[in-house]
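J.: One structure follows; several queries about it will come next.
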Amino acid sequence: MGAVVVSERQAHVFTMALERRDIMHLDDKSHPDYWARMGWTNTIEKLHIDFDVAFFGNSITRGSDFQQYFPDKKIINIGYSGDNMTGMLRRVPMLKAANPSKVFIMAGTNDLIHINLDEYKVRYSKLLQTIKDSLPDTKIYIESVLPSNNDMGRYAPNKKVQQANKIAEELARSFNGQFINLYDLYANDNNELPVEWTIDGVHLYPEHYDKWAEKITPFIYE
Numbered sequence: 001m002g003a004v005v006v007s008e009r010q011a012h013v014f015t016m017a018l019e020r021r022d023i024m025h026l027d028d029k030s031h032p033d034y035w036a037r038m039g040w041t042n043t044i045e046k047l048h049i050d051f052d053v054a055f056f057g058n059s060i061t062r063g064s065d066f067q068q069y070f071p072d073k074k075i076i077n078i079g080y081s082g083d084n085m086t087g088m089l090r091r092v093p094m095l096k097a098a099n100p101s102k103v104f105i106m107a108g109t110n111d112l113i114h115i116n117l118d119e120y121k122v123r124y125s126k127l128l129q130t131i132k133d134s135l136p137d138t139k140i141y142i143e144s145v146l147p148s149n150n151d152m153g154r155y156a157p158n159k160k161v162q163q164a165n166k167i168a169e170e171l172a173r174s175f176n177g178q179f180i181n182l183y184d185l186y187a188n189d190n191n192e193l194p195v196e197w198t199i200d201g202v203h204l205y206p207e208h209y210d211k212w213a214e215k216i217t218p219f220i221y222e
């Protein structure tokens with residue numbers, strides 16, 4: 001039985017890796033994390049809380065704790081490690097269950113390693129349209145992808161990230177949202193994330209979310 005369990009886990013990991021690289025796509029109910037997502041959606045619904053703010057993204061969002069910066073706001077963190085825009089699209093029901101007045105989205109960090117900019121725009125547009133359809137009264141804030149430090153790992157080139165951020169800014173206007181440039185806040189003179197600010201070249205040390213919190217403060221309270 002133990003060998004079977006290991007095999008299933010390996011299959012799930014392999015499937016996720018293929019999806020991230022846009023090599024294969026599963027029907028939603030066949031996806032390994034389907035029941036986990038449904039469970040979390042149900043849990044959020046049963047809280048019976050209409051949140052002021054939701055943060056929606058991947059592990060960089062997941063690593064944040066903005067509630068400590070804005071204790072007077074009801075905040076939910078819907079960040080998921082390793083997620084891309086395809087995964088975020090599947091998790092929109094979780095966001096809908098939270099029913100936030102505002103949603104701060106960071107998307108594309110993992111996508112840009114594997115896809116071109118045209119596909120990035122297509123995926124982001126689909127994600128934003130789905131959010132807009134699900135939460136028509138929620139204000140959308142699009143946060144730029146952060147720079148990385150490619151001396152510490154294999155990430156998308158920062159020039160490509162900057163091009164993607166220009167696309168995200170255009171999409172923010174198209175969807176009547178607000179673009180927030182976090183890239184410049186975290187890029188050093190070499191146009192990369194400083195070594196002393198990052199765990200592995202892309203994820204931030206907890207204390208360096210303070211710059212992010214300061215940047216978004218006017219938007220949290222507007």
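If you read the sequence shown in the numbering used here, its first letter stands for residue 1, the second for the next number, and so on.
Glycine residues also receive a C-beta, built at the ideal position from the N, C-alpha and C atoms.
Output needed for T138: all residues of its chain with C-beta closer than 7 angstroms, excluding positions within five of it in sequence on either side, in chain order.
T.: By 1-based counting over the sequence shown, the position of residue 138 is 138. Answer for T138: P100, S101, K102, V103, listed in chain order.
J.: Which residues does DSSP list as the beta-bridge partners of E143?
T.: By one-based count along the sequence shown, residue 143 stands at place 143. Looking at the DSSP assignment, E143 forms a beta bridge with I180.
J.: How would you label Y120, buried or exposed, when you count the other beta carbons within 10 angstroms and need 16 or more for buried?
T.: Here residue 120 refers to the residue found at position 120 of the sequence shown. Classification for Y120: buried.
J.: Of the choices G63, A172, T198, I75, whose alpha-carbon is the least far from that of D52?
T.: Position 52 of the sequence shown holds residue 52. Minimum Cα-Cα distance from D52 among the listed residues G63, A172, T198, I75 corresponds to I75.
J.: Leaving aside the five residues before and after N110 along the sequence, list all residues of the same chain whose C-beta is less than 8 angstroms from its C-beta, in chain order.
T.: As a first step, residue 110 must be located in the sequence shown, where it is residue number 110. Cβ neighbours of N110 beyond the five flanking positions: R20, N58, G82, D83, N84.
J.: Suppose the cutoff is 6 angstroms on Cβ atoms and the five residues either side in sequence are ignored; what does the same chain contact list for R123 look like?
T.: Within the sequence shown, the letter at position 123 stands for residue 123. Around R123: M85.
J.: Looking at the structure shown, is K74 part of a helix, part of a strand, or coil, going by DSSP?
T.: The residue you call residue 74 lines up with position 74 of the sequence shown. Looking at K74 - three-state DSSP - the assignment turns out to be coil, as it is neither helix nor strand.
J.: DSSP state of A54, grouped into three classes?
T.: Position 54 of the sequence shown, counted from the first residue, corresponds to residue 54. Of the three classes helix, strand and coil, the one that applies to A54 here is strand, per DSSP.
J.: Once the 5 residues before and after L127 are set aside, which same chain residues still bring their CB inside 7 angstroms of it?
T.: What you label residue 127 is simply residue 127 of the sequence shown in a count that begins at 1. Cβ neighbours of L127 within its own chain (closer than 7 angstroms, five residues either side excluded): M85, M88, L89, A107.
J.: At the level of alpha carbons, what is the spacing between N181 and M94?
T.: Here residue 181 is taken as the residue at index 181 of the sequence shown, counted from 1. Here residue 94 is taken as the residue at index 94 of the sequence shown, counted from 1. Going from the Cα of N181 to the Cα of M94 covers about 26 angstroms.
J.: For D200, which option in N77, K166, N149, G63 has the closest C-alpha, if you only look at C-alpha atoms?
T.: Numbered from its first residue, the sequence shown carries residue 200 at position 200. Of the listed residues, the one whose Cα sits closest to D200 is N149.
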